[in-house]
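Worksheet: the structure to be examined is printed underneath.
Chains as they are written, first to last, in the numbering used here: chain S, 1 to 114; chain D, 115 to 222.
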C-alpha cells in the first residue's frame with residue numbers, strides 16, 4: 001500500500017459524458033501527478049500540481065482539467081469523453097518538486113468509455 | 115522530452131536466471147529511476163541512480179548508468195516468479211516521461 005488513494009476504482013460511462021477522478025496523496029506529500037496509461041500509448045504524464053499550483057503540463061488534452069485543493073487532494077476532470085479516453089488513470093505523489101523524489105503511485109482508476 | 119525507451123519489449127525466462135533490461139534516453143538527466151508495475155496496478159519505485167554514479171545495487175537489483183551513451187540497464191539476479199511484472203525507466207526532468215516498459219515473465 002503506497003498511501004495514495006484513488007476513487008473510484010472503476011468507471012463505465014458513455015461518449016460525450018464528463019467524469020471526475022479523485023486522488024488523495026500520501027500524508028505530507030505536496031506534489032501530485034496525473035498519468036494516463038493505455039495499451040497503445042503507454043504511460044503518459046498529464047499534469048503535476050504542487051501545493052495547489054500547477055507546476056508542469058504534459059500531454060493533457062484541452063477536454064481534461066485538474067486541480068489541487070487546499071487539503072492537497074486532487075481531482076482530474078475528463079469531459080466530452082471519447083472512446084479513446086478509455087484507459088487506466090494513475091495519480092502519484094511525492095514530497096516536493098525535486099525530480100529525485102520517489103513518486104508513490106495510487107492503484108489507479110480504470111475508465112471505460114462505451 | 116526525457117523519454118525512456120526500454121528494451122527488450124518482452125522477456126521470458128526461467129526462475130533462477132538473470133534478467134537484464136535496458137533503457138535509453140535522449141537528453142541530459144540528473145538521475146534515472148526504475149519502476150515496476152504488476153499487471154493493472156500502480157508503479158512501485160525500485161531504485162534511483164544519479165548522473166554521477168555508474169552502478170548501484172539494491173538486493174537482487176543492479177543498475178548501471180552510462181551517461182555518454184545515454185543508457186541504463188537493470189539486472190535482476192536469481193529471478194523469481196514474483197518478479198513477473200513490467201519495468202519502466204524514467205529520467206529526472208521537468209516532464210517525467212516513461213517508456214512503454216519491458217514486460218518480464220519469469221516461469222516457475
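Note that beta-carbon positions come from the ideal geometry of N, C-alpha and C, so glycine has one too.
Exposure label - residue i; buried when at least 16 CB within 10 Å
{"i": "residue 18(S)", "result": "exposed"}
{"i": "residue 222(D)", "result": "exposed"}
{"i": "residue 93(D)", "result": "The structure shown does not extend to residue 93(D), since chain D spans only 115 to 222, so no value can be given for it."}
{"i": "residue 133(D)", "result": "buried"}
{"i": "residue 109(S)", "result": "buried"}
{"i": "residue 114(S)", "result": "exposed"}
{"i": "residue 196(D)", "result": "exposed"}
Inter-residue spacing [alpha-carbon to alpha-carbon] between residue i and residue j
{"i": "residue 35(S)", "j": "residue 47(S)", "result": "7 Å"}
{"i": "residue 170(D)", "j": "residue 147(D)", "result": "11 Å"}
{"i": "residue 116(D)", "j": "residue 212(D)", "result": "Its pLDDT being 45, under 50, residue 116(D) is placed unreliably by the model, and the measurement read from it follows with that caveat. Roughly 8 Å between the two C-alpha positions."}
{"i": "residue 29(S)", "j": "residue 96(S)", "result": "7 Å"}
{"i": "residue 91(S)", "j": "residue 121(D)", "result": "26 Å"}
{"i": "residue 72(S)", "j": "residue 128(D)", "result": "44 Å"}
{"i": "residue 218(D)", "j": "residue 198(D)", "result": "5 Å"}
{"i": "residue 37(S)", "j": "residue 25(S)", "result": "19 Å"}
{"i": "residue 70(S)", "j": "residue 87(S)", "result": "28 Å"}
{"i": "residue 124(D)", "j": "residue 131(D)", "result": "15 Å"}
{"i": "residue 43(S)", "j": "residue 89(S)", "result": "9 Å"}
{"i": "residue 101(S)", "j": "residue 94(S)", "result": "6 Å"}
{"i": "residue 102(D)", "j": "residue 201(D)", "result": "In this structure chain D extends from 115 to 222, so residue 102(D) is not present and cannot be described."}
{"i": "residue 136(D)", "j": "residue 186(D)", "result": "6 Å"}
{"i": "residue 210(D)", "j": "residue 3(S)", "result": "21 Å"}
{"i": "residue 78(S)", "j": "residue 149(D)", "result": "27 Å"}
{"i": "residue 63(S)", "j": "residue 75(S)", "result": "14 Å"}
{"i": "residue 126(D)", "j": "residue 53(S)", "result": "43 Å"}
{"i": "residue 5(S)", "j": "residue 23(S)", "result": "6 Å"}
{"i": "residue 168(D)", "j": "residue 119(D)", "result": "19 Å"}
{"i": "residue 41(S)", "j": "residue 80(S)", "result": "20 Å"}
{"i": "residue 1(S)", "j": "residue 154(D)", "result": "15 Å"}
CA nearest to the CA of residue i, picked from the options
{"i": "residue 168(S)", "options": "111(S), 3(S), 15(S), 20(S)", "result": "With chain S represented from 1 up to 114, any question about residue 168(S) goes unanswered, as that position is not in the structure."}
{"i": "residue 216(D)", "options": "222(D), 210(D), 209(D), 203(D)", "result": "203(D)"}
{"i": "residue 166(D)", "options": "173(D), 155(D), 178(D), 174(D)", "result": "178(D)"}
{"i": "residue 85(S)", "options": "14(S), 74(S), 49(S)", "result": "14(S)"}
{"i": "residue 112(S)", "options": "82(S), 3(S), 93(S), 5(S)", "result": "82(S)"}
{"i": "residue 173(D)", "options": "192(D), 164(D), 139(D), 155(D)", "result": "192(D)"}
{"i": "residue 184(D)", "options": "220(D), 209(D), 139(D), 119(D)", "result": "139(D)"}
{"i": "residue 49(S)", "options": "65(S), 41(S), 61(S), 42(S)", "result": "65(S)"}
{"i": "residue 32(S)", "options": "51(S), 44(S), 16(S)", "result": "51(S)"}
{"i": "residue 189(D)", "options": "220(D), 155(D), 176(D)", "result": "176(D)"}
{"i": "residue 220(D)", "options": "143(D), 144(D), 152(D)", "result": "152(D)"}
Residue i - partner residues in DSSP beta bridges
{"i": "residue 119(D)", "result": "138(D)"}
{"i": "residue 199(D)", "result": "218(D)"}
{"i": "residue 13(S)", "result": "113(S)"}
{"i": "residue 171(D)", "result": "176(D)"}
{"i": "residue 150(D)", "result": "158(D), 201(D)"}
{"i": "residue 133(D)", "result": "190(D)"}
{"i": "residue 164(D)", "result": "145(D)"}
{"i": "residue 182(D)", "result": "Paired residue(s): none; residue 182(D) is not in a bridge."}
{"i": "residue 19(S)", "result": "78(S)"}
{"i": "residue 7(S)", "result": "22(S)"}
Distance cut-off 7 Å: residue i Cβ against heavy atoms of the ligand ZN
{"i": "residue 81(S)", "result": "As presented, the structure is devoid of all ligands, the ligand ZN included, so that no description of it is given."}
- Message: Does the contact criterion of 3 or more C-beta pairs under 8 Å hold for the stretch 146 to 163 of chain D versus the stretch 90 to 109 of chain S?
- Response: yes
- Is there contact here, the stretch 47 to 59 of chain S with the stretch 1 to 20 of chain S, by at least three beta-carbon pairs under 8 Å? Fewer than three beta-carbon pairs drawn from the stretch 47 to 59 of chain S and the stretch 1 to 20 of chain S are found closer than 8 Å, and the two stretches are therefore not classed as touching.
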